[in-house]
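Have a look at the structure below before the remarks.
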Amino acid sequence: MNPQKCKPQRREGAKVRKDKDGGFSSERASNGWTKVSAVVDIPPLGARVVKSAHGDIAVFRTADDEVFALRDKCPHKGGPLSQGIVYGRHVACPLHNWSIGLDDGKAVAPDEGCAERFPVKVENGFVYLRI
Amino acid sequence: MNKMKLVMVGNGMAGVRTLEELLKIARDFYDITVFGAEPYANYNRILLSPVLAGEMTLKDIMLNDVDWYEQHGIRLHLGKKVARIDRSVGKVVAADGTEENYDRLLLATGSNPFILPIPGRDLQGVLTYRDIQDTNAMIEAAARYKRAVVIGGGLLGLEAANGLRQRGMDVTVVHLMEWLMERQLDRTAAAMLQKSLEQKGLKFLLRRQTGAILGTADGRVTGVRFADGEEIGADLVCMAVGIRPNEELARSAGIHCNRGIVVNDTMQTFDPRIYAVGECVSHRGTAYGLVAPLFEMAKVCANHLAHMGIGRYEGSVTSTKLKVTGVDLFSAGNFTGGAGTEEVVLHDAAGGIYKRLILKDNCIVGGVLYGDTVDGSWYLQMLREKQNVAQIRDQLMFGQSHLGNTGHQGQSKAAAMPDAMEVCGCNGVCKGTIVKAIKEKGLFTLEDVRRHTKASSSCGSCTGLVEQILASTVGGAYSPQPNRAKPMCDCTDFTHEEVRRAIREQHLLTIPGVMRFMEWRTSNGCASCRPALNYYLISAWPHEARDDPQSRFINERAHANIQKDGTYSVVPRMFGGVTNSAQLRRIADVVDKYQVPTVKVTGAQRIDLLGIRKEDLPKVWADLAMPSGHAYAKALRTVKTCVGSEWCRFGVQDSTQMGIDLEQAFWKMYAPHKVKMAVSGCPRNCAESGIKDVGVIGVDSGWEIYVAGNGGIKTEVAQFLCRVKTAEEVLEYAGAFIQLYREEARYLDRTVHWVRRAGLDYVKQRVLDDAEGRKALYARLQYALRGEKDPWAERAQGADRHEFEALTV
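Taken in order, these protein sequences are the chains called A and B. Every letter in the first sequence is one number past the one before it in the numbering used here, and letter 68, counting from 1, is 68. Every letter in the second sequence is one number past the one before it in the numbering used here, and letter 144, counting from 1, is 1144.
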């Protein structure tokens, strides 16, 4: 995976692989969106990790209840962004304190790099990811 | 809605810095227009000396090119001098007739070089040294002519002389006073400087008053005649005898001026719609010629222009460094002494080192350093903070970095380091990289350098070196950030102390409450202020303010230490470093059950289990059935002990039990930073009490207590606090000391940093002299800890489950 790429939006209708456990398959919607959590289960100014077949994805919730999803991997040295402090629309990586924009995945200058973004939406209090 | 119109007259460093600060906090507030008399965009005027000396080019020193103005929607009129201000209708008119209306006007007209009122001053070949044009004229002259005379042996004159010499001219510096740079140096330092410049080939004529400049009939300079009739030949004469604030425009518009445009603490002139910053202003009777104060003004001015005004500019203590390659010189404050002052001097003539500090009432009021300036910024900081130095007088001259600093090969003089040598051992940054970033990116502050290069941004032990590199690269423009006035972070202009006071006095209980009351600029702070606020709240109002886990660094939120691969490490508490077979057996079982890859004995007499997956943490804690070691927290870590009188043939006190008692009493205690303690059973001190925040040493008659030691980044030997008789007294005195630290230190201060600032005398007065105060401090600590739970036990039983459970799809 190339951690530098800054427009890694996945294509629409990316094929959903079979879940090994099968337990959550009923949560999948037909149009490629997958229900991952209730918004209230993510702490405000916090994050949860979603373990997926595509690797760990961090789902963030801001103070205004906006929800964002990034690959759980800092472009610097791969730190788990889900563990960082969330402020405004940014998260500070727990390893070396890089600031990453939640909406664009980009490191705040003068640092350079980009975390992969995933499409995310909130409906009726639930968070959906397209992975 | 139409935007307000802001017009700036003057396109120099102070003005443009004001615009940069303004755009940072209020991007779309104004429609901005800039008039610059020079045909260039904003360049770094203080780097003209290296340009003259041929070490840099004009391109290297551009700070904002024309594109920058365009990108930010700023209308730029270059090469247009503003001729008048019409305050009645709010407009400025340039000499070529260009007009602009303004709602707010910012004057940043800078200064003019002073021209001696002597015959011959208009001759061809007589120059001043102020801008690119002057610099280019000198470079051209150096190529064609041989002999140069620089009038003025101050900072600017010497830099000009050095530059001309580098360009191959035969340079004589003429100075009116008895020694060089008399406004910054004493006679001894000036003599050393003169000698070293003479070795570079400069000549000096001191105590010479210039009477006239001589020239040919067709108006070309030929020499200089002094008041006593002596003459010397010259093909180029550079006048560097000082600068005068350029107040002409303001004065002609009827704005009050007095050796500069007079401004108040918000940088407003007597016309409230007109602001002024930079070398053109007179603030509290002082006009500043160095860049650092100008940047402070810029910040305050931008704040007020953006209607966010709470900042005030209250003047600056300035310091000087000379930008001549190979000369290390620093001067600040009152360096001449006088009634009521005393001086400390270190003079090694052969080694080329001279240090002189002036003290008054045990505070540094000024100083001169020559040859070894590594501690200049440290002295300046103590000067500004009026720190009492009575306790460190005996070490003062040897500086801050004389012991224990690691990570940069023992280097303390940046000038002596080759470009390829590593400065910052944490982030692998070498000197050349730092110099390059400073020059290319136009960096001025330590913070800038840290952001761009990461040098000194981790453990900070190379900060002094980075500051030196910064200072020698940008010269007089560099001024260390005064800790006193430093705001908590970019979200606010308030200092740590101001925020703590407001929390206490206003009975603030939540982070949003503090941010509202103190008008935070950001809606929910940043990763730097939120953990500090959380600590200030829970330490000021125990059992009232609620801990906010989302404002804790991950280690304190997850109660384990995050590792580079995202796994965690677990260090169970072993009170006093004592364990038993049952604990060890459970640890061994956990290691097997969770396949813990590494088990390590720590430096603090405990066992570290590394590589544990986050989701396993609560189960690991349940299986261990041992309390949290808080090895991850800004809290009491460990109390290290030796075996003491129970076993040791030398021990005179039961240090193990004393350590257990201390740890039992104070564990679960959060603090501004980690707190480490140790107890030794005799003065052989096997528990290394001399480098702990609180170190206790058993003696035959009782216990000695040492405080504010540190064994980490920089080894700091703990200082003797007192001797007590009983174990109960050890608890009370140590507890009172720690509580005072918890109440008064800044977040992330170790005890050594706080004690250095507050002074050991103050600590002694609060903890030793005031018995009732001591008991009250101790009681407050006990109250804060009452009912505090073991975080591992709580989480083993299911608290904060969401923190540890991943979602799956």
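Even for Gly, the Cβ is constructed at its ideal location relative to N, Cα and C. Here the structure is a predicted model, which is why all the values come from computation and not from measurement.
- The continuous alpha helix (DSSP H) containing Thr1751 (chain B) extends over residues 1751-1758.
- Distance from the CA of Leu1380 (chain B) to the CA of Tyr1594 (chain B), rounded to the nearest whole angstrom, comes to 54 Å.
- Inter-segment contact for the stretch 1453-1472 of chain B and the stretch 1494-1507 of chain B is absent: fewer than three beta-carbon pairs are separated by less than 8 Å.
- Taking the beta carbon of Ile100 (chain A) as reference, no residue of chain B falls within 8 Å; the closest one sits roughly 11 Å away.
- Around the CB of Asp64 (chain A), fewer than 16 other CB atoms lie within 10 Å, so the residue is classed as exposed.
- Judged by DSSP secondary structure, Phe1737 (chain B) falls within the alpha helix (DSSP H) whose first and last residues are 1727-1744.
- Three or more pairs of CB atoms, one per stretch, sit closer than 8 Å, so the stretch 64-83 of chain A contacts the stretch 103-110 of chain A.
- For Gln1719 (chain B), the enclosing beta strand (DSSP E) begins and ends at 1719-1724.
- The stretch 1033-1043 of chain B makes contact with the stretch 1065-1078 of chain B; the number of CB pairs closer than 8 Å reaches 3 or more.
- Assigned with DSSP and collapsed to three states, Cys1529 (chain B) falls in helix.
- Close partners of Lys51 (chain A) in chain B (Cβ separation under 8 Å): Ala1806, Leu1807, Thr1808, Val1809.
- Ala1718 (chain B) is positioned such that its CB atom lies no closer than 7 Å to that of Gly1711 (chain B).
- Looking at the DSSP output, Lys1360 (chain B) bridges to B:Thr1341, B:Cys1363.
- Residue pairing of Ser1282 (chain B) in beta bridges, as defined by DSSP: B:Val1262.
- DSSP links Ile1587 (chain B) through a beta bridge to no other residue.
- Residue contact check for Val39 (chain A) against chain B: no CB pair falls below 7 Å.
- A Cβ-Cβ contact shorter than 7 Å links Ala1532 (chain B) with Tyr1747 (chain B).
- For the stretch 1514-1537 of chain B, the set of positions with a beta-carbon nearer than 7 Å to some beta-carbon of chain A reads Thr1522, Ser1523, Asn1524, Gly1525, Cys1526, Ala1527, Arg1530 in chain order.
- For Arg1130 (chain B), none of the residues of chain A pass the 8 Å Cβ criterion, the least Cβ distance being about 32 Å.
- Comparing alpha-carbon positions, the option among B:Ala1350, B:Lys1091, B:Gly1285 lying closest to Arg1273 (chain B) turns out to be B:Lys1091.
- Note on geometry: alpha-carbon atoms of Asn1555 (chain B) and Thr1269 (chain B) lie some 51 Å from one another.
- Taking 7 Å as the cut-off, the Cβ atoms of Val122 (chain A) and Val36 (chain A) do not count as close.
- Considering only B:Gly1425, B:Lys1454, B:Leu1470, B:Ala1414, the residue with the shortest C-alpha distance to Ile1438 (chain B) is B:Leu1470.
- For Lys1600 (chain B), no chain A residue has a Cβ inside 7 Å of its Cβ, as the nearest lies near 20 Å away.
- If the five residues before and after Cys1529 (chain B) are omitted, its C-beta is found closer than 6 Å to the C-beta atoms of Met1488, Cys1489, Cys1491, all from its own chain and listed in chain order.
- Per DSSP, Ala1471 (chain B) is one residue of the alpha helix (DSSP H) stretching across 1463-1474.
- DSSP places Trp1703 (chain B) in the strand class (E or B) of the three-state scheme.
- The criterion of a C-beta distance shorter than 7 Å is satisfied by Val1730 (chain B) and Trp1703 (chain B).
- Counting the other CB atoms within 10 Å of its CB gives Thr1641 (chain B) a total of 16 or more, which places it among the buried residues.
- By the rule that beta-carbons nearer than 7 Å mark a contact, Gly1644 (chain B) does not touch chain A.
- Boundaries of the alpha helix (DSSP H) around Asn1555 (chain B): 1554-1558.
- For Gln1550 (chain B), the neighbours in chain A by C-beta distance under 8 Å run, in chain order, Pro43, Pro44, Leu45, Gly46, Ile85, Val86.
- Under the DSSP assignment, Thr1135 (chain B) falls outside any beta strand (DSSP E), being part of the alpha helix (DSSP H) whose first and last residues are 1132-1144.
- The beta carbon of His1452 (chain B) falls within 7 Å of a beta carbon belonging to chain A, placing the residue at that interface.
- Of all residues in the stretch 49-73 of chain A, the ones placed with a Cβ closer than 7 Å to any Cβ belonging to chain B are Val49, Val50, Lys51, Ser52, Ala63, in chain order.
- For Ala115 (chain A), not one C-beta of chain B is nearer than 7 Å to its own C-beta.
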